[in-house]
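Student: Taken in sequence, the protein lines are chains X and F.
Take this note's numbering: the last position of the first sequence gets the number 464, and nothing is skipped along the way.
Take this note's numbering: the last position of the second sequence gets the number 857, and nothing is skipped along the way.
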Amino acid sequence: MAIRSPEVKQLTEIGLMAHLFRRAGFGARRDELDAAVAKGYEATVEELLHPEAQPDLDYDLIWRYWVDMKEARQIIPAQSYWVYRMINTKRPLEEKMALFWHHLFATGFAKLNHPGAMLQQVDMFRQHGLGDLRTLLVELSKDPAMIFWLDNQTNTNDVHNENYGRELLELFSMGIGNYSEDDAKNCARAFTGWTLKNPIPGAQPYGRFNWEFDFRSDLHDYGEKTFLGETGNFDGADIIDIIVRQPATAQFICRRLHNYFVSDVPDQAAIDELVSVYFGSQYDMRAVMRTLFMSNAFRSSDAYFARVKSPAEHVVGIMRMVDDFTYPRWGIQEIALESRYMGQDLLNPPSVEGWHTGKEWIDTGILVERVNFAASQIGDIDKPGVRAIIDRLRPMGELSAEALVDNLLDLIGPIDVSATTHGALVNFAQNGGPLNLETAGRAGEERVGEILQLIVATREFQLV
Amino acid sequence: MAMATSKKPPTLVVLQLTGGNDTINTIIPYADPLYYDNRPNVRVSEADVLKIDDRFGFHPSMASIKPFWDDGKMAVINGIGYPDPNYSHFRSMDIWYTAQPESIAIDGWLGKTVKELDPKAENVLTAVNFGRGLPRALSLAGVPVASVAELDSYGLLTSLASVDQRNSALEVFSCMYDDGLNDDMVKKPLQHANASDPMSQVMSYMGQTGLDAQKGADILSSAVGKYSSTVKYPNTPIGNNLKGIAQVKMAGLGTRVFYTGHGSFDTHSSQLNAHALLWKDVSEAVAAFFADLRAHNESDDVIMLMWTEFGRRVKDNGAGTDHGAGGVAFVLGDPVKGGMYGEYPSLKEDDLMIGNLKYNNDFRSTYSSILERWMGVEAKPIVNGSFPQHAFV
Chain X
1 MAIRSPEVKQ LTEIGLMAHL FRRAGFGARR DELDAAVAKG YEATVEELLH PEAQPDLDYD
61 LIWRYWVDMK EARQIIPAQS YWVYRMINTK RPLEEKMALF WHHLFATGFA KLNHPGAMLQ
121 QVDMFRQHGL GDLRTLLVEL SKDPAMIFWL DNQTNTNDVH NENYGRELLE LFSMGIGNYS
181 EDDAKNCARA FTGWTLKNPI PGAQPYGRFN WEFDFRSDLH DYGEKTFLGE TGNFDGADII
241 DIIVRQPATA QFICRRLHNY FVSDVPDQAA IDELVSVYFG SQYDMRAVMR TLFMSNAFRS
301 SDAYFARVKS PAEHVVGIMR MVDDFTYPRW GIQEIALESR YMGQDLLNPP SVEGWHTGKE
361 WIDTGILVER VNFAASQIGD IDKPGVRAII DRLRPMGELS AEALVDNLLD LIGPIDVSAT
421 THGALVNFAQ NGGPLNLETA GRAGEERVGE ILQLIVATRE FQLV
Chain F
465 MAMATSKKPP TLVVLQLTGG NDTINTIIPY ADPLYYDNRP NVRVSEADVL KIDDRFGFHP
525 SMASIKPFWD DGKMAVINGI GYPDPNYSHF RSMDIWYTAQ PESIAIDGWL GKTVKELDPK
585 AENVLTAVNF GRGLPRALSL AGVPVASVAE LDSYGLLTSL ASVDQRNSAL EVFSCMYDDG
645 LNDDMVKKPL QHANASDPMS QVMSYMGQTG LDAQKGADIL SSAVGKYSST VKYPNTPIGN
705 NLKGIAQVKM AGLGTRVFYT GHGSFDTHSS QLNAHALLWK DVSEAVAAFF ADLRAHNESD
765 DVIMLMWTEF GRRVKDNGAG TDHGAGGVAF VLGDPVKGGM YGEYPSLKED DLMIGNLKYN
825 NDFRSTYSSI LERWMGVEAK PIVNGSFPQH AFV
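Quick look at the structure:
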């Protein structure tokens, strides 16, 4: 009756590598894991940390077949484009960091009504997501989607709008309780005049062409401001200089990184280790992430499957597992919509607080959706990724129910399951007796597909 | 106050007309010259209007539901909206979903309603949505909602081809999710989770969720088996969804809130044909739905709200209409006191707001009326304020 197996197996080399790829990206198939293990863990981490050294996607190909994605005038093509990128990127950490910053600097399409602006913001996260925090926060403050989302285009020296100034401190960098009301007001003053414009003058001010940042000095409050104990004629960039120096900022950002990449359960010692690198590296996210992936906290069995998968990770992970949509083909929109059905409408978080994570990703309706989607994909034995799994089993000859289940748990992850789950899966696998894929033909392969469906239906599979 | 007249608790069906239904081609002011002036291209000719009095009439495609009006079972809520109209589908829908026009909110009015009706989530089927995903109207942390694409095939592991394999798989699913805890322990999972492993609390929670989902799916699929009817529904998506709702309602599973939608009513172009077909599909499906309920004596505890996120521009654009304000909503069913509620907005240019109809009653009034006068739930915390109520129920 184990609720969770108290003895999680020691991480094997493959297990650790699979864990790294699930966290730093969206998972890897066994052939990809074998190649990475050959390179070694540290070398693989270094490669992940330098996405710029890997090729980008072939845009000509994408836009030739999915014309609607280039202009992205509608939300669903924009979401589909991002899902396609997550599935196919050769720069997984770049994409995962973009998703992380999208979670944290939550900006919602529902208010913008401008998918292009959202994609432009996510692209900015790709460019600066592994850089230094100061630059990222400045770029964020200049990002037209963010400006419109938090009304900063109406923040002028005549009439202040504190929305961005406040949320920057409360939700994006320091956390509530670490600054005063006056700090929030002065922060807002510093960002007056940071507005946006349409590159096509005249016509609709907020038309569908991609907006640009515009600094209006005539709307800026050049006066003296006191912020977190320092005084000066600060503008937005000066404020950010002060913000990134604060211990509260380091704790906030590192806690969020730990929560997203290491575990749903906070670990102050691990977070403090990241904080120290944050300062030592002058707020460099690449350095922090290197420490994170190399840390004992990350590589321990405590971190193994210690997060509930977000819908995007669940959907993209399954598609990578079955190795589908490796080129632009019909049907990507339905895949992107699955994340919406599971409660994560990409590019459209419900509010500036972002999505609620951890066990809040799961409820009865959502669980049905997650299980059914994953099962329908993995149960299709003609998908290349499933074929690859079957091909690895075939040379093993006759497999008992237990061997079959253990091998599949290994090849699909590896994934650890509790004794209860394991027993139930073996029970199911026993229908039909031992299996020899060399002689069993298509019916034997169907059996494998069915067991895989049960595996992705487990509780354990909802974790990452 | 017309609470359910039978022992059955009051049930609400919400039908979302997605995209912004064109008010003045739905409830047509056929006697107003301004209608013809503003709609040179996108108009219904007077001869085709289904007149209800000497000023207004329905779109001809609404023939199947006109009897509700004739029998006094349809409330038409004219000029419905909210201050400072928003012309973005997504934002305006969110405003209606969360009953919060002034700021971005995340809790749905129906999610909050379900929480009031079933605070301990004892029945995972208190709210059932027919459609994919969950509209924000039903969203509230801790409130389970089943989203059914097709009732006939609803359930877990529907991708398992053979019935035998599926049944076997579902048994296995139960085993995998069942921590072997008896009822008492299950209601307090945190007590029995391994305190030194917080993830085990998550696993316990998922265990309970999985079993609830399975129970819900089993119970829902039993509704199909219990159903028997001679009423024919149109074979359209809305027809199928409303039939599913009828089946679940009549199976007596304790569902209090049903949700579904039809669209797209966003008729910027080709409006005449599109709007006609949309209303034909909705009307025929709604008529079949109530005919089915009535044939089984199951209609005295149900009302239906049909709403849309905004009306459309008074002047047509040549082939269609653009986003507007001042919409129309409907509440229908046997317990309803039919009639015109609110005021039909004026088409006079001076009375318009940037070319759009002005609203004269807040949608939160309609919500409040439904919540307090029908569902028996306090409205103020759900709609974030006090609003005058309509007496349609």
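Beta carbons: idealized from backbone N, C-alpha and C, even for Gly.
1. Looking at chain X, is there any beta carbon in it that lies within less than 7 angstroms of the beta carbon of F:Val863?
2. Quick test of your reading: X:Asp214 and X:Leu196, contact by CB under 8 angstroms. State the CB separation rounded to the nearest angstrom.
3. Would you mind telling me which residues of chain F sit closer than 7 angstroms to X:Asp363, beta carbon to beta carbon, in chain order?
4. Count the other CB atoms, across all protein chains shown, that sit within 10 Å of the CB of F:Leu624; report buried if there are 16 or more and exposed otherwise.
5. Give me, in chain order, the residues of the same chain whose beta-carbon lies closer than 6 angstroms to that of X:Asp151; leave out the 5 immediate sequence neighbours on both sides.
6. Does the region 314-323 of chain X come into contact with the region 375-389 of chain X, if we say contact requires no fewer than three beta-carbon pairs (one atom in each stretch) closer than 8 angstroms?
7. Does the Cβ of X:Met17 have 16 or more other Cβ atoms within 10 Å, making it buried, or fewer, making it exposed?
8. Could you give the DSSP three-state label for F:Leu811: helix, strand or coil?
9. For the ligand HEM, is there any heavy atom lying closer than 6 angstroms to the beta carbon of F:Gly674?
10. Tell me whether the beta-carbon of F:Tyr546 lies closer than 7 angstroms to the beta-carbon of F:Phe827.
11. Take X:Lys111 and list the residues in its own chain whose beta-carbon comes closer than 7 angstroms to its own, dropping the five residues that flank it on each side.
12. Counting C-beta neighbours from all protein chains within 10 Å, is the total for X:Gln268 16 or more, i.e. buried, or is it exposed?
13. To be precise: take each residue of the region 87-113 of chain X, compare its Cβ to all Cβ atoms of chain F, and keep it if any distance is under 8 angstroms. Which residues remain?
14. Taking three-plus beta-carbon pairs below 8 angstroms as touching, is the region 470-480 of chain F in contact with the region 761-777 of chain F?
15. So, is the C-beta of X:Phe261 closer than 7 angstroms to a C-beta in chain F?
16. Along chain X, which residues have their Cβ under 9 angstroms away from the Cβ of F:Leu709?
17. Can you tell me whether X:Ala188 is buried or exposed, with buried defined as 16 or more other CB within 10 angstroms of its CB?
18. Mark X:His356 as exposed unless 16 or more other C-beta atoms lie within 10 angstroms of its C-beta, in which case mark it buried.
19. Go to X:Tyr84, then tell me how far its alpha helix (DSSP H) extends in each direction, as first and last residue.
20. Kindly indicate the opening and closing residues of the beta strand (DSSP E) around X:Val386.
21. Using a Cβ-Cβ cutoff of less than 6 angstroms, which residues in the same chain neighbour X:Ile200 once the five nearest sequence positions on both sides are dropped?
22. When DSSP builds the beta bridges, which residues end up paired with F:Ala610?
23. Rank X:Leu347, X:Ala403, X:Val316 and X:Gly433 by C-alpha distance to the C-alpha of X:Arg29 and give the top, closest one.
24. Counting contacts by CB-CB distance shorter than 7 angstroms, is X:Tyr84 in contact with chain F?
25. For X:Gln120, which of X:Gly223, X:Trp211 and X:Asp68 has the nearest alpha-carbon?
26. List the whole-angstrom C-beta distance separating X:Leu133 from X:Tyr283, where the pair is believed to meet the contact cut-off of C-beta under 8 angstroms.
27. As a quick exercise: from F:Lys515, F:Lys744 and F:Gly790, pick the residue whose alpha carbon is nearest that of F:Pro549.
28. Quick one: Cα of X:Ala2 to Cα of X:Thr135, how far?
29. May I ask you to list the residues that DSSP assigns as paired with F:Met804?
30. Let's test the definition: count the other Cβ atoms within 10 Å of the Cβ of X:Arg73 and tell me whether it reaches 16, buried, or not, exposed.
31. Spell out whether any CB of chain F is found under 7 angstroms from the CB atom of X:Pro266.
32. Does the contact criterion of 3 or more C-beta pairs under 8 angstroms hold for the region 512-528 of chain F versus the region 440-457 of chain X?
33. Looking at X:Leu347 and X:Phe191, is the spacing between their C-beta atoms short of 7 angstroms?
34. Restricting to Cα atoms, I'd like to know which of X:Glu46, X:Val244, X:Glu369 and X:Leu169 is closest to F:Tyr618.
35. Give the interface partners of F:Val627 over in chain X, defined as CB-CB distance under 9 angstroms, in chain order.
36. Strictly under 7 angstroms for the Cβ-Cβ distance: is X:Gly317 near chain F by that measure?
Tutor: So, from the listed chains and residues:
1. Within the shown structure, residues of chain F are numbered from 465 to 857, placing residue 863 of chain F beyond reach of any answer.
2. Contact flag correct, Cβ pair sits at about 6 angstroms.
3. The contacting residues are Pro608 and Thr673.
4. By the neighbour-count rule (16 or more Cβ atoms within 10 Å), F:Leu624 is buried.
5. So the list reads Asn161 and Asn163, once near-sequence residues are dropped.
6. They touch, by the three-pair rule.
7. Under a 10 Å Cβ-count criterion, X:Met17 is classified as buried, with 16 or more other Cβ atoms of the shown protein chains found around its own Cβ.
8. Coil.
9. In the structure on display, the ligand HEM does not appear, and there are no ligands present to speak of.
10. The beta carbons of F:Tyr546 and F:Phe827 sit closer together than 7 angstroms.
11. Taken in chain order, the residues that qualify are Trp149.
12. Classification of X:Gln268: exposed, given that the 10 Å Cβ count is below 16.
13. So the list reads Gly108, Phe109, Ala110, Lys111 and Asn113, given in the order they occur along the chain.
14. When Cβ pairs closer than 8 angstroms are counted between the two stretches, the region 470-480 of chain F is seen to touch the region 761-777 of chain F, the count reaching three or more.
15. Taking Cβ atoms only, chain F never reaches closer than 7 angstroms to X:Phe261, which makes this a no.
16. It is worth fixing the name first, because residue 709 of chain F is Ile in this sequence and not Leu. Ordered by position in chain X, no residue passes the 9 angstroms Cβ test against F:Ile709, which lies about 16 angstroms from the chain.
17. That one is buried.
18. Taking a 10 Å sphere around the C-beta of X:His356, we find fewer than 16 other C-beta atoms and assign the residue as exposed.
19. It spans Ile75 to Asn88 - the alpha helix (DSSP H) in which X:Tyr84 sits, taken as one unbroken run.
20. Segment Pro384 to Leu393 is the alpha helix (DSSP H) holding X:Val386; no beta strand (DSSP E) there.
21. Correct list, in chain order: Phe209.
22. Beta bridge pairing from DSSP links F:Ala610 with F:Val592.
23. When each option's Cα is compared against that of X:Arg29, the closest is X:Val316.
24. Not closer than 7 angstroms to any Cβ of chain F, the Cβ of X:Tyr84 fails to qualify, so no.
25. When each option's Cα is compared against that of X:Gln120, the closest is X:Trp211.
26. 4 angstroms between Cβ atoms; contact.
27. Ranked by Cα distance from F:Pro549, the first of F:Lys515, F:Lys744 and F:Gly790 is F:Gly790.
28. Only weak support is given to the placement of X:Ala2: the predicted model assigns it a pLDDT of 36, under 50, and the value that follows is read from those uncertain coordinates. Just so you know, the alpha carbons of X:Ala2 and X:Thr135 end up roughly 48 angstroms apart.
29. F:Met804 pairs with F:Val540.
30. Within a 10 Å sphere around the beta-carbon of X:Arg73 sit fewer than 16 other beta-carbons, which makes this residue exposed.
31. No - not a single Cβ of chain F is within 7 angstroms of the one on X:Pro266.
32. In this structure the region 512-528 of chain F does not lie against the region 440-457 of chain X, because fewer than three pairs of beta carbons, one per stretch, are closer than 8 angstroms.
33. The answer is no: Cβ separation not under 7 angstroms.
34. F:Tyr618 has its Cα closest to that of X:Glu369, out of X:Glu46, X:Val244, X:Glu369 and X:Leu169.
35. Within chain X, no C-beta atom comes nearer than 9 angstroms to that of F:Val627; the closest sits roughly 13 angstroms away.
36. Residue contact check for X:Gly317 against chain F: no CB pair falls below 7 angstroms.
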